[in-house]
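In what follows, a structure is listed as structure tokens, so that the remarks can point back to it.
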Amino acid sequence: MRDSIRYIPHSEEDCQEMLKVIGVKEVEDLFGSIPQDCRIGKPLNLPHALSEPDLMAHMHNLQSPIFSGSRWSSFLGAGSYQHFIPAVVSSLISRSEFYTAYTPYQPEISQGTLQAMFEYQTLMCQMTGMEVSNASLYDGASSMAEAVLMAQRITKRKKILISEAVHPDYRRVIRTYIDPAEQEIILIPYEATTGCTDQQAMSRLIDEGVGAVVIQSPNFFGVIEDLAPIGDRVHHAGGLLIVGFSEAVAYGIMSPPGELGADIVAGEGQSLGIPPSYGGPYLGVFATREKFVRNMPGRLIGETVDVDGKRGFVLTLATREQHIRRAQATSNICTNEGLCALMATVYISCFGKRGLRELALMNLSKADHAKKAVAAVHGCRLAFSSPTFNEFVVKVDGDPEDILKAVRKEHILGGISLGKFYPELNQHILVTVTELNAKNEIDRWAEVMKNILE
Amino acid sequence: MKENIDSGLIQDEPLLFEQGGQGRKGYSLPRWDVDKVEVEKAIPSYLIRKELKGFPELSEVEVVRHFTRLSQWNYGVDSGFYPLGSCTMKYNPKVNEEIARWRGIAHLHPYTPEEFCQGALRIMHELEGFLAEATGMDRVTLQPAAGAHGELTGIMMIKACLQARGQRRKKILVPDTAHGTNCSTSTLASYQIVEIKSNDRGVISPESVSALMDDQVAAIMVTNPNTLGLFEENLKAIAKIVHQKGGFVYCDGANLNALMGIVKLGEIGVDVVHINLHKTFATPHGGGGPGAGPVAIREELAPYLPVPVIEKRGGTFLLNYERPESIGKMRAFYGNFGVLVRAYAYVLSMGSDGLKRASEIAVLNANYLMKQLRDDYYLPYDRPCMHECVFTDRLQEKYHVSTLDIAKRLIDYGYHPPTIYFPLVVKGALMIEPTETESKESIDRFIATMIRIAGEAKENPDLLHQAPQRVKVRRLDEVTAARKPKLRWTPIDEQMTSDRSNNTK
């Protein structure tokens with residue numbers, strides 16, 4: 001008898017009974033519709049099955065050494081952030097009624113997911129200051145790319161201006177998504193002194209052919225951008241303002257882009273209760289004005305009533321979507337990041353009105369402390385003068401890669417070297433400080449930098 | 455505060471925003487060990503948020519109770535049989551959930567220097583190898599976040615390859631049984647769709663492809679087995695026709711669960727295939743994601759893979775960005791790593807034999823179910839199926855009972871309904887995919903329920919028209935939801951303002 005596999009219930013006896021009912025002799029007979037010359041000749045060359053304890057032992061060895069043994073300090077950010085995640089989040093999203101369900105196509109049996117996503121949409125509107133939010137896209141970068149495509153559907157204009165201070169990998173994704181025959185991307189430089197998008201340069205580039213201007217705030221350098229004048233300028237030319245973000249926690253303190261002229265807000269929600277997880281799964285946030293709702297990509301949940309007049313929630317405005325509209329859909333997205341959206345919803349519910357503010361203030365304050373500490377080190381200075389949130393750029397006297405390597409000897413991940421993204425910033429390090437960096441570890445980092453540079 | 459009206463275990467639960475109270479808190483932060491910055495001094499006042507309007511104020515207990523109650527109105531694979539066709543709702547192993555949450559996996563930052571990510575890179579590199587072997591392809595990218603994202607990645611690679619050959623082709627051939635994503639993906643990549651009619655056996659014929667194939671066709675997108683649960687038996691011949699005219703064969707691998715260890719798509723002419731890890735490879739669907747849609751390709755397309763590509767040099771794994779012909783990036787980082795880890799653990803748990811067994815039993819379950827229901831429901835393509843089967847409501851039409859009614863009645867009996875009204879080529883389709891993780895008893899109970907519903911349709915159709923009844927909410931008014939979209943909660947004061955402004959119009 002074949003050894004049974006723990007995830008497949010059938011005994012050999014079950015199989016025999018079932019085959020008898022079907023009227024065939026063996027399982028092999030069920031594959032008769034596959035021509036013989038399409039069948040494989042030999043078994044798949046894959047490992048032999050592991051038991052659960054053997055699997056765990058194997059996986060244990062594949063964990064990063066950073067999390068075993070002595071504690072490391074990390075100052076890495078740039079689109080992925082370490083924030084404290086309350087135990088409540090993991091506990092609630094581990095309810096299998098949530099995580100083992102499919103997309104809520106049958107609303108009567110999916111009200112849990114649907115109500116939670118309606119709450120998520122509301123929270124994202126409130127966070128961004130926008131009127132409608134979808135139920136999530138893949139990540140911040142692809143969300144921004146979808147925003148660029150949507151701007152073209154609305155304005156029918158070819159040119160897109162993108163700030164160079166937008167995350168370089170996000171820009172790369174936008175370039176991958178667009179069709180160069182349909183859209184043209186022009187970069188707006190950043191100011192070498194402030195780290196802000198160069199608004200004068202933008203003014204020179206903008207004209208009636210520009211469909212959208214894309215700005216990230218806080219931008220890749222951590223700098224808070226002055227959005228309102230940019231919005232005025234692009235609206236004057238008849239284009240749209242797309243605002244992106246990678247650090248959502250900043251919105252606890254920063255004005256929502258909706259109040260500063262944004263037409264589409266598209267960014268990364270990973271900071272809101274989702275672990276860094278080596279780059280995914282993350283949460284593509286996407287919100288816009290009500291007047292653009294029918295041009296929006298992604299799933300939307302709407303409130304309605306049942307036959308008894310009771311409140312309930314359904315997937316709605318599906319005529320924008322691939323399964324109804326097929327080739328004419330606003331996007332091809334189907335599966336999104338529902339469980340990550342639920343994580344963000346639970347996380348924000350815990351922090352609430354006061355917590356989001358205090359969390360943002362703590363990030364701002366810790367980063368401010370770190371800025372002061374590192375600015376006091378000879379051979380280090382702050383590269384940009386504009387206000388920042390929890391990230392900032394340090395210019396060092398020396399090769400950043402060598403310095404970061406030396407810092408790592410002290411069990412510190414000291415930041416990200418910017419030369420590979422910006423050749424002109426080849427002496428620059430992007431440093432991120434969150435509520436999880438204690439004062440003593442910030443001070444130790446500055447001390448280590450001092451020992452290396454002085 | 456909104457009043458709760460619970461009925462037994464069917465609980466009522468207001469929105470987050472309709473509960474809680476000023477000053478309540480459900481969070482705690484690390485100790486304040488630095489001076490608080492005076493925000494007004496740090497940031498220009500016009501860039502500072504004035505208030506966090508509308509955000510809830512809840513205690514931790516309230517948050518826990520809220521989402522726990524919500525979860526109880528949901529139905530997952532752990533709750534019961536979930537025969538949603540083309541979605542492969544198989545059991546999601548718990549150990550994979552646990553492993554994916556370990557700190558050394560879940561808290562790894564994507565810009566951590568490679569020397570500290572060797573384990574993560576090894577997982578991805580080996581998973582690429584597993585998927586290449588299972589599909590008979592040469593290379594794999596793990597970057598796409600979902601099936602549709604994989605489709606776009608694959609079609610973009612094909613487009614880049616054609617461009618490198620100096621060709622700007624305009625069309626993509628798509629069968630009438632295709633998923634909607636195939637069509638929208640093609641549009642997104644600036645291609646026009648040409649529809650291929652499937653034949654009376656429910657598959658596409660070489661003749662119909664031959665008639666449509668010319669030097670303007672970039673690719674054909676085929677789902678195999680197709681959405682009728684039938685193996686595209688002519689695919690090898692079709693691939694030959696497409697290749698002769700310089701086109702590519704793209705396979706939508708949504709239904710790969712029927713073929714593991716049985717057929718290697720690469721050996722029957724497929725050039726590109728995406729794999730839904732949240733279907734075939736047992737990662738949970740999360741109520742709508744996250745999934746993962748890796749794409750497996752032939753060597754010829756390798757230069758166009760998205761960056762970074764994971765490579766092994768000597769004994770070391772690394773991320774290679776130096777790929778001048780790459781299509782670029784499909785997302786900020788490397789893939790839905792948390793999902794990839796689960797799929798990797800699944801392959802290791804099943805092994806080569808286990809994966810083949812999964813496909814065999816998935817096909818056994820589907821054929822058993824089809825055989826037992828064929829007297830009570832109409833079977834439009836009466837021939838052995840693969841991992842799923844498609845019935846229709848034709849026998850119930852005379853009682854004015856529709857597929858929708860049957861689906862809703864199943865909810866009353868504690869089942870998640872099958873996929874309905876898809877594929878579009880079958881009127882009133884009920885697409886049932888049992889998967890291999892359902893036991894014989896589980897399938898038997900479902901069969902008995904379906905037969906009972908067929909009887910009810912004859913004798914008391916109103917039971918079906920009124921279904922579902924044993925739920926928190928009954929049939930919902932989707933028309934009004936779309937006509938007057940209400941896509942968010944608004945604070946009461948704003949509701950009043952908007953009502954007033956509506957009145958004055």
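Quick mapping for you: the protein sequence lines, in order, are chains A and B.
In terms of the numbering used here, the first sequence has 28 at position 28, counting the first letter as 1, and numbering is strictly consecutive.
In terms of the numbering used here, the second sequence has 865 at position 411, counting the first letter as 1, and numbering is strictly consecutive.
Just so you know, even glycine gets a beta-carbon here, dropped at the ideal spot from N, CA and C.
- In the structure shown, the three-state DSSP call for Pro945/B is coil.
- According to DSSP, residue pairing for His428/A in a beta bridge involves Lys395/A.
- In the DSSP assignment, Ser662/B falls within the alpha helix (DSSP H) that extends over Pro660 to Leu666.
- For Pro35/A, the closest Cβ of chain B is nearer than 9 angstroms.
- One alpha carbon belongs to Gly302/A, the other to His58/A, and they sit about 45 angstroms apart.
- The alpha carbon of Ala691/B has as its nearest neighbour, out of Val703/B, Pro744/B and Phe535/B, the alpha carbon of Val703/B.
- A distance below 9 angstroms separates the beta carbons of Glu108/A and Arg928/B.
- Setting aside the 5 residues that flank it on each side, Leu92/A is surrounded in the same chain by Val346, each with a C-beta closer than 6 angstroms to its C-beta; the list follows chain order.
- In the assembly as shown, Leu684/B is a buried residue. Its beta-carbon has 16 or more other beta-carbons within 10 Å.
- Below 8 angstroms, enough C-beta pairs join the segment 748-767 of chain B and the segment 591-610 of chain B to call them touching: three or more.
- Uninterrupted alpha helix (DSSP H) stretches at least 4 residues long and entirely within the segment 132-171 of chain A occur at 140-155, given in chain order.
- Secondary structure of Glu492/B (DSSP, three-state): coil.
- If you look at Leu802/B, you'll find it in the alpha helix (DSSP H) that goes Phe791 to Leu827.
- In the structure shown, the three-state DSSP call for Phe521/B is helix.
- The straight-line gap separating the alpha-carbon atoms of Glu587/B and Ala673/B is approximately 23 angstroms.
- Check the Cα spacing between Tyr832/B and each of Pro760/B, Met804/B and Ala908/B: the tightest is with Ala908/B.
- No Cβ of chain B is located within less than 9 angstroms of the beta carbon of Gln199/A.
- The alpha-carbon of Tyr105/A is positioned some 7 angstroms away from that of Leu315/A.
- Taking the Cα positions, Gly244/A is about 45 angstroms away from Ala49/A.
- In the three-state reduction of the DSSP assignment, Tyr832/B falls in the strand class, which pools E and B.
- The C-beta of Asp226/A has 16 or more other C-beta atoms within 10 Å across all chains shown, which makes the residue buried.
- In the structure shown, the three-state DSSP call for Glu505/B is coil.
- In the three-state DSSP reduction, Thr197/A falls in the strand class (E or B).
- Nearest CB-CB separation between Cys196/A and chain B: not below the 9 angstroms threshold.
- Looking at the backbone, the Cα of Glu184/A and that of Ser461/B are separated by about 58 angstroms.
- With a cutoff of 9 angstroms on beta-carbon distance, Phe84/A and Glu435/A are scored as near each other.
- The count of Cβ pairs closer than 8 angstroms, one atom from the segment 146-154 of chain A and one from the segment 212-224 of chain A, reaches three, so the stretches are in contact.
- Residue range Gln111 to Thr128 is occupied by the alpha helix (DSSP H) that includes Thr113/A.
- A Cβ-Cβ separation of about 10 angstroms leaves Gly298/A out of contact with Glu337/A under the 8 angstroms criterion.
- In this structure, Phe292/A sits near Ile264/A, with a CB-CB distance shorter than 9 angstroms.
- Neighbours of Thr122/A in chain B, taken as residues at a C-beta separation under 9 angstroms, are given in chain order as Leu469, Leu470, Phe471, Gly508, Leu941, Arg942, Trp943 and Thr944.
- Under the DSSP assignment, Tyr99/A falls in the alpha helix (DSSP H) whose first and last residues are Ser96 to Tyr99.
- Under the 9 angstroms criterion on CB atoms, Glu551/B is classed as interfacial with respect to chain A.
- With respect to the 9 angstroms criterion, Gly355/A and Ala262/A are not classified as neighbours on the basis of their beta carbons.
- Distance from the CA of Met144/A to the CA of Asn332/A, rounded to the nearest whole angstrom, comes to 15 angstroms.
- Residue contact with chain A for His697/B: absent (no Cβ-Cβ distance below 9 angstroms to any residue of chain A).
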